[in-house]
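Accompanying notes for the structure given below.
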Amino acid sequence: EKKELALRRMLLLHGVSLSIGGIPLLYLGEEWGMLNDYDFVKDPAKAGDSRWIHRPKMQWKFLEELDDHIKSGNGSIRSTIFRSTQKLIALRKSLPALAGQDMELIATANEHILGYVRLYEGNRLIVLANFSDETQEIEGNKLRTAGLGRFFLNVIDDKTYATSEQLVLAPYQILWLNRV
-17 EKKELALRRM LLLHGVSLSI GGIPLLYLGE EWGMLNDYDF VKDPAKAGDS RWIHRPKMQW
43 KFLEELDDHI KSGNGSIRST IFRSTQKLIA LRKSLPALAG QDMELIATAN EHILGYVRLY
103 EGNRLIVLAN FSDETQEIEG NKLRTAGLGR FFLNVIDDKT YATSEQLVLA PYQILWLNRV
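Just so you know, this note's numbering puts the end of the sequence shown at 162, numbered straight through with nothing missing.
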């Protein structure tokens, strides 16, 4: 379960990064779960500069294993991160609301859930992100006031929701909601 939560946290952060606006930044290897490199602290010239933690040496062995996992359909953590990140990038490209820079925060009334609306040329996408390791809820009506309407689709997993219901977000879940 610990690994599952770590995976969900990583995908939550990728989902926010790819939807909040601006140019998303993924450091080398993050798209497939490469870990930070703490060896920089051994070099006196780099030890005081924490930016080096995100400048690891490419781990070619892991990349080759990832390629094998993807080709075989193996559901390893690295291949899951890679496939999920690819899907989020493809969704970002396909959603007109993410093309502009306009973003409005939503008052979710839940300190664990970040909510915002992305707007562009009449298109809207609501993003809800649960930053807790516990299940969280938000009133569906909160989304109606954000202009989404009565029914909406989470484009990440194709699940439909209604504003008349409570939305239940699993630990570290992110929703990208489009009007139906």
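Where a beta carbon is used, it is the ideal one built from N, C-alpha and C, also for glycine.
Could you please give the first and the last residue of the uninterrupted alpha helix (DSSP H) stretch that includes residue i?
| i | result |
| --- | --- |
| Q118 | Not the alpha helix (DSSP H): Q118 falls in the beta strand (DSSP E), residues 118 to 121. |
| V99 | V99 -> not in any alpha helix (DSSP H); beta strand (DSSP E) instead, spanning 95 to 102. |
| R74 | 59 to 76 |
| V(-2) | -16 to 1 |
Exposed or buried, residue i, counting other C-beta atoms within 10 Å across all chains shown (16 or more means buried)?
| i | result |
| --- | --- |
| N123 | exposed |
| S61 | buried |
| G11 | buried |
| I5 | exposed |
| W42 | exposed |
| R100 | buried |
| Y20 | exposed |
| N17 | A small fix is needed here, since residue 17 is Leu in this sequence, not Asn. The residue in question, L17, is exposed, as its Cβ has fewer than 16 Cβ neighbours within 10 Å. |
If you follow the beta strand (DSSP E) that residue i is part of, which residue opens it and which one closes it?
| i | result |
| --- | --- |
| M40 | Looking at the DSSP string, M40 is not in any beta strand (DSSP E), and its letter there is neither H nor E. |
| F134 | 133 to 136 |
| I108 | 105 to 112 |
| W158 | 156 to 161 |
| D166 | The displayed coordinates of the chain run from -17 to 162. Any statement about residue 166 would go beyond what the structure contains. |
| V23 | Careful: V23 lies outside any beta strand (DSSP E) and carries neither H nor E. |
Which residues share a DSSP beta bridge with residue i?
| i | result |
| --- | --- |
| Y143 | F134 |
| L151 | Q118 |
Spatial neighbours of residue i within its chain, please: CB distance less than 8 Å, with the 5 preceding and 5 following residues excluded, ordered by chain position.
| i | result |
| --- | --- |
| K28 | F22, W34 |
When you compare the CB positions of residue i and residue j, do they come within less than 8 Å of one another, or not?
| i | j | result |
| --- | --- | --- |
| R106 | A79 | yes |
| L0 | R74 | yes |
| L(-11) | W14 | no |
Quick one: what's got a C-beta closer than 7 Å to residue i's C-beta in the same chain, skipping five residues either side?
| i | result |
| --- | --- |
| S114 | H94, P153 |
Skipping 5 residues on each side, what residues in its chain have a beta carbon closer than 6 Å to that of residue i?
| i | result |
| --- | --- |
| Q155 | N112 |
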